[in-house]
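The opening residue of the sequence shown carries number 2 in the numbering used here; numbering runs sequentially from there.
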Amino acid sequence: MSSSALTSWDGLDKLTGGDINADLVDGVTFGLLILVVVLSVYVNFFRRRRLRG
Numbered sequence: 002m003s004s005s006a007l008t009s010w011d012g013l014d015k016l017t018g019g020d021i022n023a024d025l026v027d028g029v030t031f032g033l034l035i036l037v038v039v040l041s042v043y044v045n046f047f048r049r050r051r052l053r054g
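Structure follows, in structure tokens:
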């Protein structure tokens, strides 16, 4: 899963100048991943509460 994400960033790294923004890209990717996980857990919890009444 991470390998496909890394290959998708290859073009962006070439445009931005290589390793200069590697840490920034990793941080943004990690932040988005955490955001998606938190949102999906929150949505699932909210749906369960609504279904219970």
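For glycine and all other residues, C-beta sits at the position ideal for the given N, C-alpha and C.
Check, Outcome
"C-alpha distance - Arg-34 paired with Tyr-43, whole-angstrom precision", "Note on residue identity: the sequence assigns Leu, not Arg, to residue 34. C-alpha separation (whole angstroms): 14 Å."
"C-alpha gap between Val-37 and Leu-25, whole angstroms", "18 Å"
"Leu-40 (DSSP reduced to helix, strand or coil)", "helix"
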